[in-house]
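> There's a structure below that I have some questions on.
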Amino acid sequence: MSKTERNILIDSIAGKGITDQKVLKAMREVEREKFVPLLMRPNAYRDIALPIGYEQTISQPYTVAIMTQALKVKKGNKVLEIGTGSGYQAAILEKMGAGVYTIERHNDLYRKTQKLFDKLGIRVSTKCGDGTIGWSVHAPFDRIIVTAGSPDIPESLKNQLAIEGRLVIPVGDKRTQTLKVVTRISEQDFEIESIPEFAFVPLIGREAWDKE
Ligand code: SAM
């Protein structure tokens, strides 16, 4: 697995309209192959989502890129991620200089990824639990990214956003979603933009889908 393969993938993502150089630089540096199961490694630099066990996936690289670009992360931002999964998205955010807080609801996956973060020396704060209710002790957050599809925008996450903060979340039914980009204008006011057509695994929790 080589840096060349990674660069070819990132060049193709740039060709699909990702222009934020900080996002592209982080994606050139983080080794996606380290975040996928051994069997999946030959596919690590294809622009596709891959299974990571526990019926979950590591998102497609283009999706990671477009969500991270929409988040407009600045160095030193406090970022909350809902859906740690493989840890790849959190690693990208850490590489960009954010202070990352990440929540995973699936206990075995949480523990596996925690070990990987330790092994790779990735410094992020992790928690196992329902991310739909956020992480109030650390709020407010400058940025919040939800990496699973939700039926709506959880109120708790909106409330834990700093003024001028941004929240990126796929919202829709269980098959396809629209990416919502929420900016908190004031204590009560939020501006919402939409980017269509995504497909994520479901966000399961008190303020999202019930467990199947
Ligand atoms: N960010 C991940 C990555 O880089 O690999 C993508 C993970 S996958 C598309 C979405 C993850 O969200 C799954 O691991 C799933 O268990 C988790 N999830 C679903 N509902 C959740 C919730 N309420 N709180 C926290 N995690 C949740």
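Under numbering that gives the first Met the number 0, the first residue of the sequence shown carries the number 0, and numbering increases by one thereafter. Glycine is no exception: its CB is placed at the ideal position from the N, C-alpha and C atoms.
(1) So, are the CB atoms of Gly148 and Gly171 less than 8 Å apart?
(2) Please indicate yes or no: does the CB of Glu103 lie closer than 7 Å to some heavy atom of ligand 3?
(3) Tell me where the beta strand (DSSP E) around Gln50 begins and ends.
(4) Span of the beta strand (DSSP E) holding Tyr100?
(5) Quickly, what does DSSP pair Glu192 with across the bridge? List them, please.
(6) Where Arg104 and Asp46 are concerned, what is the direct C-alpha to C-alpha distance, given to the nearest angstrom?
(7) Quick test of your reading: Val78 and Phe140, contact by CB under 8 Å. State the CB separation rounded to the nearest angstrom.
(8) Tell me the DSSP secondary structure of Phe199 in three-state form.
(9) Taking contact to mean at least 3 C-beta pairs separated by less than 8 Å, is the region 85 to 92 in contact with the region 197 to 206?
(10) Going by other Cβ atoms of all chains shown within 10 Å of its Cβ, with 16 needed for buried, is Ile191 buried or exposed?
(11) Flag this pair as yes or no: are the beta carbons of Thr177 and Arg165 separated by less than 8 Å?
(12) Going by alpha carbons, who is nearest to Ile65 out of Gln187, Lys179, Asp188, Ile184?
(13) Compare the C-alpha of Tyr44 against each of Glu54, Ser58, Tyr53 and name the closest.
(14) Would you mind sorting Gly84 into buried or exposed? The rule is 16 or more other CB atoms within 10 Å of its CB.
(15) Check the C-beta distance from Gln68 over to Val22 and give it rounded, since I have them as a contact under 8 Å.
(16) Less than 7 Å between the CB of Ala147 and some heavy atom of ligand 1, yes or no?
A quick look at the data gives this:
(1) Taking 8 Å as the Cβ cut-off, Gly148 and Gly171 qualify as a contacting pair.
(2) The ligand content of the structure shown is limited to ligand 1, which means ligand 3 is not among them.
(3) This sequence places Pro at residue 50; Gln is not what is there. Residues 49 to 52.
(4) Where Tyr100 is concerned, the enclosing beta strand (DSSP E) stretches over 98 to 103.
(5) Beta-bridge pairing links Glu192 to Val180.
(6) If you take the alpha carbons of Arg104 and Asp46, they lie about 26 Å apart.
(7) Between Val78 and Phe140 a beta carbon distance of about 6 Å is seen, short of the 8 Å cut, so the two are scored as contacting.
(8) In this structure, Phe199 counts as coil in the three-state DSSP scheme.
(9) Short answer: they don't touch.
(10) Exposed.
(11) Judged by beta-carbon spacing, Arg165 lies beyond the 8 Å limit of Thr177, meaning their Cβ atoms are not closer than that value.
(12) The candidate whose alpha carbon is nearest that of Ile65 is Lys179.
(13) Minimum Cα distance to Tyr44 is reached at Ser58.
(14) By the neighbour-count rule (16 or more Cβ atoms within 10 Å), Gly84 is buried.
(15) With a Cβ gap of about 5 Å, Gln68 and Val22 count as contacting.
(16) Correct: Ala147 has its Cβ closer than 7 Å to ligand 1.
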